[in-house]
Amino acid sequence: MFNQLKEGLGWLKKEKSIELGQGLKLTIKRKENDDLFIGFKKDNLIVLDFNWFVPAGTKFRLSRKNDWSAVMPNHHGQKPEVLVGRFDEIKDLFNLLHEIGHVVDSTETEFIWSAIKANQKSRALDKANIYPESRLKAIKKEYEEVLLAERSAWLFAIRQAHLLELQYGFDLFKKNFSRTDAIVDYVNQYLKTYEQNYLGELRDFDIYSKEEMIELFSRLGQSEPEEANG
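Numbering-wise (the working numbering), the sequence shown opens with residue 2 and increments by one.
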């Protein structure tokens with residue numbers, strides 16, 4: 002385990018820079034306690050600090066698993082954090098902006114956690130794994146809340162990336178996405194990982210595709226048609 006953690010942090014010894022053109026660099030610098038500075042530098046001067054985007058007290062930290070995620074604030078004093086995965090190319094800026102999007106719009110947090118807890122409770126009550134409608138509705142609610150939050154964060158990322166391009170004069174979209182709709186494909190690949198989680202939960206209910214899942218959800222709450230009297 003220790004070796005895995007060490008390897009996970011090993012990509013950033015102290016500081017890493019990615020050239021953006023015209024003397025502009027994206028810089029990731031390791032500070033104390035795995036805190037990070039992430040921003041743009043030009044002529045060794047900071048021209049943008051991504052801390053400017055997030056609520057006061059937010060920490061940027063290295064992920065020990067090389068994955069990207071956001072830690073949301075809660076009533077127990079947890080401060081927001083952006084856990085930074087491996088940063089190899091400028092395209093990874095989208096992942097950073099996506100996680101910042103979650104931290105900036107923390108209003109969804111309560112809805113998501115409420116839906117997750119309700120789904121966990123319904124799963125625990127369904128000991129026979131027969132999928133009563135109450136459980137299916139709980140799965141649907143969690144799926145909708147999570148996907149809404151993910152899409153919102155990706156929309157934030159795309160908008161901010163366009164603004165950064167305009168303000169700092171570097172090319173992010175054309176150099177990294179060969180087609181106009183390639184960014185949509187990029188986002189959908191991430192969304193599919195969440196969809197697969199819910200398909201996995203519905204596998205014992207003989208639901209194997211996104212289309213089948215959406216069709217199932219659309220029928221929930223609809224009463225069965227009554228038989229005609231003879």
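Positions of the beta carbon are idealized from the N, C-alpha and C atoms, including for glycine. Owing to the predicted nature of the structure, the values given are computational and were not obtained by experimental measurement.
In this structure, DSSP gives residue 170 a state outside helix and strand, which the three-state scheme calls coil. Between the alpha carbons of residue 90 and residue 166 lies a gap of roughly 16 Å. With 16 or more neighbouring CB atoms inside 10 Å of its own CB, residue 103 falls in the buried class.
Here DSSP, grouped into helix, strand and coil, assigns residue 194 to helix. As DSSP reads the structure, residue 31 sits in a beta bridge with 37.
In the DSSP secondary-structure assignment, residue 70 is bridged to 84. The Cβ atoms of residue 37 and residue 43 do not sit closer than 8 Å to each other. By the neighbour-count criterion, in which 16 or more other beta carbons inside 10 Å mark a residue as buried, residue 136 falls on the buried side. Short of 8 Å from the beta carbon of residue 14, and not among the five residues preceding or following it, lie these beta carbons of its own chain, in chain order: 31.
Beta-bridge annotation (DSSP): residue 61 is paired with 83. About 17 Å separates the Cβ atoms of residue 109 and residue 139, ruling out a contact at the 8 Å cut-off. Listed in chain order, the non-local C-beta contacts of residue 16 below 6 Å within the same chain comprise 30, local neighbours out to five positions each way being set aside. By the neighbour-count criterion, in which 16 or more other beta carbons inside 10 Å mark a residue as buried, residue 185 falls on the exposed side. Around the beta carbon of residue 39, 16 or more other beta carbons lie within 10 angstroms, which makes this residue buried.
In the three-state reduction of the DSSP assignment, residue 49 falls in the strand class, which pools E and B.
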